[in-house]
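Enquirer: Numbered according to UniProt numbering, the sequence shown terminates at residue 587, and the numbering increases by one at each position without gaps.
We put the CB at the ideal spot given by N, CA and C, even for glycine.
Quick caveat, the model's predicted, so the values are computed rather than measured.
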Amino acid sequence: PAHGEPLLQVEAVRKTFGGLTAVNDVSFAIAAGDIVGLIGPNGAGKSTTFNLITGVLALSAGQVRWRGEPIGGLPSREIARRGISRTFQHVKMIPDMTVLENVALGGYMRGSSGSVRAMLRLDREEERRLFAEAERQLARIGIADRMHEMAGNLALGPQRLMEIARALCTDPALLLLDEPAAGLRHKEKQALGDVLRQLKAEGMSLLLVEHDMEFVMGLTDRIVVMEFGTRLMEGTPAQVQASPAVRAAYLGT
Ligand code: ADP
Ligand code: MG
Numbered sequence: 335p336a337h338g339e340p341l342l343q344v345e346a347v348r349k350t351f352g353g354l355t356a357v358n359d360v361s362f363a364i365a366a367g368d369i370v371g372l373i374g375p376n377g378a379g380k381s382t383t384f385n386l387i388t389g390v391l392a393l394s395a396g397q398v399r400w401r402g403e404p405i406g407g408l409p410s411r412e413i414a415r416r417g418i419s420r421t422f423q424h425v426k427m428i429p430d431m432t433v434l435e436n437v438a439l440g441g442y443m444r445g446s447s448g449s450v451r452a453m454l455r456l457d458r459e460e461e462r463r464l465f466a467e468a469e470r471q472l473a474r475i476g477i478a479d480r481m482h483e484m485a486g487n488l489a490l491g492p493q494r495l496m497e498i499a500r501a502l503c504t505d506p507a508l509l510l511l512d513e514p515a516a517g518l519r520h521k522e523k524q525a526l527g528d529v530l531r532q533l534k535a536e537g538m539s540l541l542l543v544e545h546d547m548e549f550v551m552g553l554t555d556r557i558v559v560m561e562f563g564t565r566l567m568e569g570t571p572a573q574v575q576a577s578p579a580v581r582a583a584y585l586g587t
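#1: Leaving out the 5 sequence neighbours to the left and right, which residues in its chain are closer than 6 angstroms to Arg470 when beta-carbon positions are compared?
#2: Quick one, what's near the ligand MG if you take every residue whose CB is closer than 7 angstroms to any heavy atom, in chain order?
#3: Does the region 402-414 come into contact with the region 383-392, if we say contact requires no fewer than three beta-carbon pairs (one atom in each stretch) closer than 8 angstroms?
#4: Per DSSP, what kind of secondary structure is Glu568 in: helix, strand or coil?
#5: Using a threshold of 6 angstroms, is the CB atom of Asn376 nearer than that to any non-hydrogen atom of the ligand ADP?
#6: How far does the beta strand (DSSP E) with Leu509 in it extend, from its first residue to its last?
#7: Which first and last residues belong to the alpha helix (DSSP H) in which Gly389 is found?
#8: I'd like to confirm something about Phe351: is its beta-carbon nearer than 6 angstroms to some heavy atom of the ligand ADP, or not?
#9: Measuring alpha carbon to alpha carbon, tell me which of Pro571, Ser419, Asp479 and Arg463 ends up nearest Glu544.
#10: With distances taken Cα to Cα, identify the nearest neighbour of Ala485 among Gly352, Gly353, Leu434 and Val398.
#11: Could you tell me whether any non-hydrogen atom of the ligand ADP is closer than 6 angstroms to the CB of Ala515?
#12: Here's the rule: buried if 16 or more other CB atoms are within 10 angstroms of the residue's CB, otherwise exposed. What is Asn385?
#13: Could you tell me which whole beta strand (DSSP E) segments of length 3 or greater appear in the region 491-536?
#14: Is there at least one non-hydrogen atom of the ligand ADP closer than 6 angstroms to the beta-carbon of Ala583?
#15: What are the residues that DSSP puts in a beta bridge with Gly563?
#16: Any idea what DSSP makes of Gly367, helix, strand or coil?
#17: Going by DSSP in three states, Gln423 sits in which element: helix, strand or coil?
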């Protein structure tokens, strides 16, 4: 994008499920190299917003632009190909496959339209390339030493890092993380924070849903606050922390 032009523009997006409006008229933008937090109470529409950006769900209204181009309505595989990747709120893995296999398979399945059958039809060269990329990404986030362990044997912290490695296999410019620190111990959160800061230093943009306010405040450049499907406010961590509306809606103080 041109200097100052946002990488991602979420423009008045809406999602309805039958009679329920899960996301209503939500707009925000992410500039290159930004870490943006998306916070709000349970059911506020954060995961649904991720699903709208990544094409997992169809927009009911509004538009999403990536480097200025509309991407609403594109299949998630194509959105991933253009440079937006994500993790899911609940760890998705095959527990009795190795970490390396999970990352390599995930790299292939990215965007969900691939099938295991298609995976089995990969030629040698393609398979070699997928595993090399998986190994490279595991090294990038510092868990290459665990790559031959069964994924199901890892603690939650390394499992979340494994998911990030998988999301990185498509070489994204923007990474969406849905509650990456939920349930992690303090040390694991610190390790995760270090990885996310490293990715930012490498030029990646990040959008992250997170409930741990200390974690969000210490990591993000800007925060978008959602409540009842709408954008309640957007600002710096300091502005958000000082907002009486946010305190009332979310912090419970
Ligand atoms: P958050 O991630 O902020 O906790 P979600 O985006 O998961 O919130 O959910 C927002 C609202 O949309 C909730 O009321 C939820 O029950 C509803 N919702 C989410 N996904 C679906 C779906 N696939 N079908 C019906 N309702 C859904
Ligand atoms: Mg959610």
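Expert: Taking the geometry as given:
#1: Cβ within range, chain order: n/a, list empty.
#2: Here the residues come out as Lys380, Ser381, Gln423, Asp512, Glu513 and Val543.
#3: The region 402-414 is in contact with the region 383-392.
#4: It is a strand residue.
#5: Under cutoff, so the answer is yes.
#6: Looking at the DSSP string, the run of the beta strand (DSSP E) that includes Leu509 is Leu508 to Asp512.
#7: No alpha helix (DSSP H) contains Gly389, which DSSP labels as neither H nor E.
#8: Yes; taking the cut-off as 6 angstroms, the Cβ of Phe351 has a heavy atom of the ligand ADP nearer than that.
#9: Taking only the C-alpha atoms, the option nearest Glu544 is Pro571.
#10: Cα-wise, what sits closest to Ala485 is Leu434.
#11: Ala515 Cβ: outside cutoff for every heavy atom of the ligand ADP.
#12: Within 10 angstroms of the beta-carbon of Asn385 lie 16 or more other beta-carbons, which makes it buried.
#13: Runs of the beta strand (DSSP E) spanning 3 or more residues and lying entirely within the region 491-536 occur at 508-512, in chain order.
#14: For the ligand ADP, not one heavy atom lies less than 6 angstroms from the Cβ of Ala583.
#15: Under DSSP, Gly563 takes part in no beta bridge, so it has no partner.
#16: Per DSSP, reduced to three states, the secondary structure at Gly367 is coil, with no helix or strand assignment.
#17: The answer is coil: DSSP assigns Gln423 none of H, G, I, E or B.
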